[in-house]
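My numbering numbers the first residue of the sequence shown as 7 and each following residue consecutively. Ideal placement from N, C-alpha and C gives every residue a C-beta, glycine not left out. The model shown is predicted, which means the values in this text are computed figures rather than measured ones.
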Amino acid sequence: MRGVPQDVPRLSLRPLRVALFVHAFYPDHVYGTEAYTLALARQFKALGHAPTVVTARAAGEPEQAEEIVRYEVEGIPVVRIDRNRTPSHSAREDYDHPGLAPLLERILHTLAPDVVHICHLANFTAVLPRVTARLGIPTFATLTDFFNLCITTRLELPDGGLCHGPNAIRSNCLSCGLLARSAERPDSAFWRTLAQPAVRSAAAVTAATLAPVLPFSLGRDARAVRDRAQVLRVAFAHCRAAFAPSAFLAELFDAHGAGPPLFRSPFGVEIDRAPKPAVPARPVRFGFIGQLAYHKGPHLLLQALRALPRDAFTVDIWGSESLSPAYARDLRAVAEQTVPPLPARFRGTFPEAEMAGLLAEVDVLVMPSTWFENAPLTLLKALATHTPVVVSDVPGMTEFVEEGVNGFSFPRGDAEALALVLQRFVDEPGLAAALSRTTSYERTERDMALDLLAMYRAFGAVPADTVPVPA
7 MRGVPQDVPR
17 LSLRPLRVAL
27 FVHAFYPDHV
37 YGTEAYTLAL
47 ARQFKALGHA
57 PTVVTARAAG
67 EPEQAEEIVR
77 YEVEGIPVVR
87 IDRNRTPSHS
97 AREDYDHPGL
107 APLLERILHT
117 LAPDVVHICH
127 LANFTAVLPR
137 VTARLGIPTF
147 ATLTDFFNLC
157 ITTRLELPDG
167 GLCHGPNAIR
177 SNCLSCGLLA
187 RSAERPDSAF
197 WRTLAQPAVR
207 SAAAVTAATL
217 APVLPFSLGR
227 DARAVRDRAQ
237 VLRVAFAHCR
247 AAFAPSAFLA
257 ELFDAHGAGP
267 PLFRSPFGVE
277 IDRAPKPAVP
287 ARPVRFGFIG
297 QLAYHKGPHL
307 LLQALRALPR
317 DAFTVDIWGS
327 ESLSPAYARD
337 LRAVAEQTVP
347 PLPARFRGTF
357 PEAEMAGLLA
367 EVDVLVMPST
377 WFENAPLTLL
387 KALATHTPVV
397 VSDVPGMTEF
407 VEEGVNGFSF
417 PRGDAEALAL
427 VLQRFVDEPG
437 LAAALSRTTS
447 YERTERDMAL
457 DLLAMYRAFG
467 AVPADTVPVP
477 A
């Protein structure tokens, strides 16, 4: 793993046609990878280039009127395919779907990009880098999560533990695959039996070693799960370079063989970096911003807050309650039925443009995720707005947190330990303000985009004629 070289000239080159491929996009999907893709497109356009986002509507979402629709987001052209018309019919097609090749070729012939940048491969599968290689289009990729290594993309074990990637015979991958298949067939006694931990572990080892002689459908799917990481690694080798936003992710992919040369390129964020305003004495304001989903850990935050005196804090929770409605209802029940009730407000979602203003209201942002994370943009924006953070001790976040300088960490999944950290802010009324003065994050979207343009050039993807970057 290497950092992006600093001796590559940062030049704005002859206008480039850049096709940014991402599994989902605005306005229907607004999470981190989508925000990263939009940021790149926005900055490329501002620098005089011609970006187009290519995205997909996943199978199972509402069908489009046509296989390909075109629209714009912030003046950026978007091309969206409908995967309802090309659904996956096997575990192999979930990540390697040859039937997509003609459609992708047609789109690329129409766009005629100078560069393809893969921001996420899901919905396009391993076929995409093979197609760009066949067409001779210089291709790059950003690894925004663990899709290439993990069928769940989160590297979480069925028991909630953390996984460090496929083992030698892929039995851990097959164990997760068996659990996913059993969840799809809740009425099947056979699959309910296989979902039991002891049975599942034995079955996974058996499937890994005996895949060639299993009945057709079982053997086919077992081979697909077993071969997944290798197929994606070989496909990604068609890329000229890949980028990782955190050292942890870069090192993990290096350990498993990323395919192309891999460079660390941290995310940049665009947000008002004004210092936090002085506030009068009042209860500490904690905040949570993110998906109301188990792996993001808001239940741990509420459990921890039960140990604090109710008049010493308030907590604002931002996130959609429609993603996991039952889980969201449980969160509300915890807040309302605790005796006495927690001073919590569930504030829903908000436009991205309002984030700086909301963070200005928050003394401490809490991110108690139970998975590895990977440089989440919410964390970086909190730091950029001088908002101290409390994070679980997962490496995708702790590399950005300096203990006692811009925040604190606590053992993943430990609500009691989190309560002790939050209690410090109650016991030391000036602590949040003191940390705010030493909390920052300077990297911008423009820095990030210029790094990538420089790397395109370094790997021969850009014409030689250049013009100075506009001030």
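Requested in this report: Locate the beta strand (DSSP E) running through residue 96, then write down its first and last residues.
Outcome: Careful: residue 96 lies outside any beta strand (DSSP E) and carries neither H nor E.
**Report entry** Top-ranked residue by Cα proximity to residue 340, from 304, 378, 49
**Finding:** Nearest option by C-alpha distance: 304.
Query - residue 262: first and last residue of the uninterrupted beta strand (DSSP E) it sits in - result: Following the DSSP letters along the chain, one finds residue 262 in no beta strand (DSSP E) but inside the alpha helix (DSSP H) bounded by residues 253-262.
Report task. Please confirm whether residue 239 and residue 98 have their CB atoms less than 9 Å apart. Result -> No; because the gap between Cβ atoms is not below 9 Å, this pair is not in contact.
**Report entry** Contact check, residue 88 vs residue 69, beta carbons under 9 Å
**Finding:** Contact flag set, yes.
Report task. Report the residue from 308, 281, 162, 459 whose alpha carbon sits nearest the alpha carbon of residue 249. Result -> The shortest C-alpha separation from residue 249 is found at 459.
Query raised in the report: Roughly how many whole angstroms lie between the Cα atoms of residue 363 and residue 333?
Result: Per the coordinates, the alpha-carbon of residue 363 lies some 28 Å from the alpha-carbon of residue 333.
**Report entry** Inter-residue spacing [alpha-carbon to alpha-carbon] between residue 67 and residue 29
**Finding:** When rounded, the separation of the alpha-carbon atoms in residue 67 and residue 29 is 13 Å.
Report task. Check whether the segment 403-414 touches the segment 352-361, taking contact to mean three or more Cβ pairs, one atom from each stretch, closer than 8 Å. Result -> Judged by Cβ distances under 8 Å, the segment 403-414 makes no contact with the segment 352-361, as fewer than three pairs qualify.
Requested in this report: Report the rounded CA-to-CA distance for residue 437 versus residue 300, giving the unit in angstroms.
Outcome: Going by the C-alpha atoms only, they are around 29 Å apart.
Query raised in the report: Between the segment 75-85 and the segment 43-60, do three or more beta carbon pairs fall short of 8 Å?
Result: The segment 75-85 is in contact with the segment 43-60.
**Report entry** Where residue 96 falls, given that 16 or more other Cβ within 10 Å makes a residue buried
**Finding:** It is exposed - the Cβ of residue 96 has fewer than 16 other Cβ atoms within 10 Å.
Query raised in the report: So, helix, strand or coil for residue 398, using DSSP?
Result: Collapsing the DSSP output to three states places residue 398 in a strand.
Query raised in the report: Is residue 422 near residue 400, with beta carbons less than 9 Å apart?
Result: For the 9 Å CB-CB criterion, residue 422 and residue 400 do not form a contact.
Query raised in the report: If residue 302 sits next to residue 415, beta carbons under 8 Å apart, how far is it from one beta carbon to the other, in whole angstroms?
Result: A Cβ-Cβ distance of about 16 Å is found for the pair residue 302 and residue 415, leaving them out of contact under the 8 Å criterion.
Query raised in the report: When you compare only the Cα positions, how much space is there between residue 265 and residue 283?
Result: Roughly 47 Å separates the two Cα atoms.
Query raised in the report: Got a sec? Which residues, its chain only, sit under 8 Å from residue 121 by beta carbon, not counting five neighbours each side?
Result: Same-chain partners within the cutoff: 22, 23, 24, 25, 143, 144, 145, 146, 462, 467, 468.
**Report entry** With 16 other Cβ atoms within 10 Å as the buried cut-off, status of residue 4
**Finding:** Because the chain in this structure spans residues 7 to 477, residue 4 falls outside the shown range and cannot be described.
Query raised in the report: Who are the near neighbours of residue 217 in its chain, counting only those whose CB is closer than 8 Å to its CB and skipping five residues on each side?
Result: At residue 217 the pLDDT is 49, less than 50, meaning the model places this residue with poor confidence and gives no usable figure here.
Report task. Please decide whether residue 120 counts as near chain C, where near means a Cβ-Cβ distance under 9 Å. Result -> Protein chain content of the structure displayed is limited to a single chain, and chain C is not contained in it.
Query raised in the report: Where do the ends of the beta strand (DSSP E) carrying residue 123 lie?
Result: Its beta strand (DSSP E) spans residues 121-124.
Query raised in the report: Among 34, 60, 55, 54, which one has its Cα closest to the Cα of residue 43?
Result: Checking every option, the nearest Cα to that of residue 43 belongs to 60.
Query raised in the report: Can you pull the DSSP bridge partners for residue 361?
Result: Answer is none; residue 361 lacks a bridge partner.
Query - Exposure label - residue 447; buried when at least 16 CB within 10 Å - result: Flag for residue 447 reads buried.
**Report entry** Rounded straight-line distance, which links the Cα of residue 392 to that of residue 174
**Finding:** Taking the straight line from one Cα to the other gives about 44 Å.
Query raised in the report: Out of curiosity, what's the CA-to-CA distance linking residue 259 and residue 168?
Result: Distance between the alpha carbons of residue 259 and residue 168 is about 16 Å.
**Report entry** Cut-off 7 Å between Cβ atoms - residues of its own chain near residue 160, not counting five sequence neighbours on either side
**Finding:** The beta carbon of residue 160 is closer than 7 Å to those of 152, 301, 377 in its chain, skipping five residues each way along the sequence.
Query raised in the report: Excluding five sequence neighbours on each side, which residues of the same chain lie with their C-beta closer than 6 Å to the C-beta of residue 452?
Result: Scanning its chain for C-beta atoms nearer than 6 Å, with the 5 sequence neighbours on each side dropped, one finds around residue 452 the residues 49, in chain order.
**Report entry** Integer-rounded CB distance, given that residue 150 should sit under 8 Å from residue 39
**Finding:** Distance from residue 39 to residue 150 at the Cβ level is roughly 4 Å; contact confirmed, criterion being Cβ atoms closer than 8 Å.
Report task. Please report how far the alpha carbon of residue 441 lies from the alpha carbon of residue 315, in whole angstroms. Result -> Looking at the two C-alpha atoms, the distance is approximately 22 Å.
Query raised in the report: At what residues does the beta strand (DSSP E) containing residue 268 begin and finish?
Result: Annotation for residue 268: the continuous beta strand (DSSP E) segment containing it runs 268-270.
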